[in-house]
Amino acid sequence: MTIIKRGLTALAAGALSTALAVPAFAEPVKFDFWFGLSGDLARVVDTMCKNFNASQSDYEVVCTSQGNYDATLQNTIAAFRAGKQPTVVQVYDVGTATMMLSGAYKPADKLMEENGYKIDYSDYFPGIARYYATSKGEMLSFPFNSSTALMYWNKDAFGKIGKTEAPKTWEDVGADLKALKEAGYDCPMAINISGNESWQLMEQFSAIHNQPIATKNNGYDGLDARLEMNKTKFVQYVTDLKKWYDAGLVKIKSKDLGQDMVQAFATGTCQIIMTSVGDHGTVGKTQKEGMNWDVAELPVYAGTERKNSLVGGASLWVLSGKSDAEYKGAAAFLNFIHDPKTALFWSTNTGYIPVTKSGFEYMKSSGFYDKAPYKGREVAIASLTASEPTEITRGIRLGNFTQIRAEFGTQMQAIFANKVSVQDGIDALVKNGDAILDRFQQTYPNKTLP
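Using mature numbering (1 follows the signal peptide of the UniProt record, and there is no 0), the letters of the sequence shown map in sequence onto residues -26 to -1, 1 to 424.
Set out below in structure tokens:
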């Protein structure tokens, strides 16, 4: 064998030996994240998941939309029973009580601590954190997509009645609606009265007026809470809305009637609506050319000490029954979402608001709120932080609340169709809603909320 041949053989043997000595790259640990957003919002979630996967090589999150919030919760329950649950799941705000009582989760604060992440939970806006926290302040899930309700108003239309600011009280609203009608506007204000509008019309109104939806501090203090909005300022509010509707000052707008509230406002058809800050981007993209509009905090009745509005949206829960490796991936994913840079990406592309003070400050320092199309969204933060949360304004923790919202829609439609009086309709809402709460309490005998 020649010297060259012997050298090549030795070199090949050495290379083979080196190759065998170097371990192959480990495959990233995969874990599932199920969420309930669809359409453009689902595409933003997908991009965020890709950004997480590209930011490191140890974990790969597989993100799958379940179509909507209800389907996500029901599919998760079914999957858990079959032992095929995702590691992380998005659960909407009114599903919080169900998740807490299920025991099918790993507390988020403990997950992060066990995996070496130091999260300053005081950094979350109090109105957001307390909605999802236990009575002891423990964070069982991570706040994710968050919003609150605002008043959208047409500055051009208000200019024609000599106004440069949005109405701050419901007494002012009544006067402004009449003035707008007299100025030739056929639809001064649009509302919807479906079950979905319970959030704007009943829940947000009650919070900023510090009025209870239910006993036991809106359910936080026990499963035996029962509804009581038939004894609060909410009755006067519905009475005024109905009076204005009868006078032609308020119109009902919905997809079923051909045009929803947001479309009615964006096209200049109606001059006031109350809807989520999450619709801010939609209005900006679809508004009538040249229309001047803005957002403001929801009005209160004169003499009311305004309180914080409620957060809407969903939080992220980590489910039990997964491996340590999957939990490490979930912790890394939640830490990624917690980053202020991710908050900027999320808010820029969705219209949702940041959930932490540091995220909000980062966005302000980046000039996010300085100009269109994002200017105005900071009003949502002002609304959520109008006060320290009270025992009532920290949130609503009632079981099967989606069904109560549906009952709200049924009774509101009966009221506006003159089938029942305002008081009788709200009394029926309380009676039927309490039956729903009775059934929920019976489902969890001898259990208490954490």
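By construction, the Cβ of each residue, glycine as well, lies at the ideal position given by its N, Cα and C atoms.
Considering only DSSP beta bridges, list what residue i is partnered with.
i: Pro117; result: Ser289
i: Ala340; result: Checking the displayed sequence, the identity of residue 340 turns out to be Ser instead of Ala. Paired residue(s): none; Ser340 is not in a bridge.
i: Lys4; result: Glu34
i: Phe9; result: Ser39
i: Thr330; result: Tyr98
i: Leu201; result: Ala188
DSSP three-state call for residue i: helix, strand or coil?
i: Met265; result: coil
i: Asp32; result: coil
i: Tyr79; result: strand
i: Val257; result: helix
i: Ser250; result: strand
i: Ile51; result: helix
i: Lys302; result: helix
i: Ser39; result: strand
i: Gln64; result: strand
i: Asp230; result: helix
i: Ile355; result: helix
i: Leu423; result: coil
i: Ile182; result: helix
i: Ala131; result: helix
i: Ala(-15); result: Confidence is the limiting factor: at Ala(-15) the pLDDT is only 41, short of 50, which leaves the residue's position unreliable, though a coordinate-based value still follows. DSSP places Ala(-15) in helix when its eight states are reduced to three.
i: Ala270; result: strand
In the DSSP assignment, find the unbroken alpha helix (DSSP H) run with residue i in it and report its ends.
i: Phe319; result: Pro314 to Thr324
i: Ile410; result: Val396 to Thr417
i: Asp146; result: Trp144 to Glu156
i: Asn191; result: Thr189 to Asn192
i: Phe382; result: Phe375 to Phe390
i: Val274; result: Segment: none, Val274 is in no alpha helix (DSSP H) and carries neither H nor E.
i: Gln210; result: Phe208 to Asp220
i: Tyr159; result: Note, Tyr159: premise wrong, no alpha helix (DSSP H); not H, not E.
i: Met125; result: Careful: Met125 lies outside any alpha helix (DSSP H), inside the beta strand (DSSP E) at Ala123 to Asn128.
i: Ile102; result: Pro100 to Tyr106
i: Gln237; result: Met235 to Ala240
Of the choices the options, whose alpha-carbon is the least far from that of residue i?
i: Val251; options: Gly264, Asp268 and Ser12; result: Asp268
i: Gly101; options: Glu381, Phe307 and Ser283; result: Ser283
i: Lys405; options: Asn420, Gln377 and Trp173; result: Gln377
i: Arg280; options: Val209, Tyr105 and Ala360; result: Ala360
i: Asn166; options: Gln210, Gln185 and Ile226; result: Ile226
i: Lys296; options: Leu11, Gly10 and Thr61; result: Thr61
i: Gly242; options: Ala16, Asp94 and Asp130; result: Asp130
What residue range does the beta strand (DSSP E) around residue i cover?
i: Lys225; result: Val224 to Ile226
i: Met163; result: Met163 to Ile165
Check your understanding: Touch check for the segment 2 to 10 and the segment 22 to 38: three-plus C-beta pairs under 8 Å?
Key -> Inter-segment contact for the segment 2 to 10 and the segment 22 to 38 is present: three or more beta-carbon pairs are separated by less than 8 Å.
**Study point:** Contact between the segment 183 to 199 and the segment 366 to 377 (3+ Cβ pairs under 8 Å)
**Key:** yes
Review point. Do the segment 149 to 166 and the segment 341 to 358 meet, that is, are 3 or more Cβ pairs less than 8 Å apart?
Key: The answer is no - the segment 341 to 358 does not touch the segment 149 to 166, with fewer than three Cβ pairs under 8 Å.
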